[in-house]
Amino acid sequence: GEVMVGHDEL
Amino acid sequence: MNVFRLAGDMTHLLSIMVLLLKIHSMKSCAGISLKTQELYVLVFATRYLDIFTTYFSFYNTVMKIVFLVTSFSIVWYMRHHKVVRQTYDRDQDTFRHHLLVIPCFLLALLINHRFTVREVLWTFSLYLEAVAILPQLVLLQRSRNIDNLTGNYVFFLGAYRGLYLFNWIYRYMAEKSQLRWIPWISGLVQTALYADFFYYYIKSWKKREKLQLPA
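In order, the protein sequences belong to chains A and B.
Numbered according to the working numbering, the first sequence spans residues 1 to 10.
Numbered according to the working numbering, the second sequence spans residues 1001 to 1215.
Okay, structure coming up:
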C-alpha cells in the first residue's frame, strides 16, 4: 500500500 | 529517527513493562482501569492495521507487534486470570468508555487527512488515544492508595506523548515535514490531560511522599 505521512510513527 | 521519538517509544514501552511487572509480580491490577486498557486495544488494533500491508522497518514492525500483544494480554489478565481479576476495582472503574468511542469515530469521519478506510481508522486511533486515559485518571482520583507501580505506569504513559510533541517539532524544523495538525493537536490534548497528574506526581516525588490525587 501507499505510505501515508506520519504512519511510520507508533 | 530522532532522539525524542526514540525516547518517546522507549517511555511507552517502559510504561507497559511497569504495568506487566505489577500484574505478574504482584498478581494485582488494583488501581488499573480496564476501561482504559480496552480503549488501548481498540487504539492499537485500528492504528496498526497496516502491519500486514506496509513495511517501514524491522523496529516499526516489532514495536507494533509488542504493543498489540501486550495490550491484548493485559485485558486478558484483568478479565480472565483467576487471581488478577479479583483485584480489579470494578465498582470504582465506572467511566462509560463506550461514550468516547462514537464521538471519536464521528470526528475521524469528518476531520481526516484523506477519506479512505485506513486513514479514517488511523485518525480515529489518534483521537481515541488522546482521551483513552480518562477512565484511568478518574479511577486514580477515587483510589485512596496509589501504589508506586501504578503511579509510575501512568507517569511514563503520559511522558511518552509529551516526548512525541518534541519529536514533531524536531521533524517539522529539521526534516521540513508537512504540517500535521491531526496528530499534533491530538497529542497536545493527550499530554494536557495529564497536566494535573504530573503536578501531583512530581510534588509527591520531591517530598518523598506517597502519591495521592485530590478528589
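C-beta: ideal position from N, C-alpha, C; glycine also.
The structure displayed is predicted, hence computed values, not measured ones.
Residues of chain D with a CB under 9 Å from the CB of residue i: which are they?
i	result
TRP1181(B)	The chain inventory of the structure shown lacks chain D, comprising the protein chains A and B.
For the alpha helix (DSSP H) holding residue i, just list the boundary residues, first then last.
i	result
ILE1185(B)	1181-1192
ASN1112(B)	First-last for ASN1112(B): undefined, no H or E at that position.
TYR1201(B)	1195-1206
Could you name the residues of chain A that residue i contacts, counting a contact when the two beta carbons are closer than 8 Å?
i	result
GLU1119(B)	MET4
GLN1136(B)	None at all; the shortest Cβ gap to chain A is about 20 Å.
MET1063(B)	LEU10
PHE1115(B)	Residues of chain A passing the Cβ test: none, with the nearest at roughly 12 Å.
ASN1060(B)	ASP8 and LEU10
TRP1122(B)	MET4 and HIS7
List, in order along the chain, the chain A residues whose C-beta lies closer than 9 Å to that of residue i?
i	result
GLN1219(B)	Since the first residue of chain B shown is 1001 and the last is 1215, residue 1219(B) is not available in this structure.
Can you list the residues of chain A that residue i reaches, using a CB-CB cut of under 7 Å?
i	result
ASP1009(B)	LEU10
- Which residues, taken in chain order from the stretch 1150-1175 of chain B, show a beta carbon closer than 7 Å to some beta carbon of chain A? Within the stretch 1150-1175 of chain B, no residue has a Cβ that lies closer than 7 Å to any Cβ of chain A.
- Would you mind listing the alpha helix (DSSP H) stretches within the stretch 1008-1079 of chain B that are 4+ residues and don't spill past its ends, in chain order? The DSSP assignment places 1034-1047 as complete runs of the alpha helix (DSSP H) inside the stretch 1008-1079 of chain B, in order along the chain (cut-off: 4 residues).
- Item | Start-end ranges of the alpha helix (DSSP H) lying completely within the stretch 1128-1170 of chain B, minimum 4 residues | The stretch 1128-1170 of chain B contains these whole alpha helix (DSSP H) runs: 1134-1142.
- Within 9 Å of chain A by C-beta, residues of the stretch 1066-1096 of chain B in sequence order: Correct list: PHE1067.
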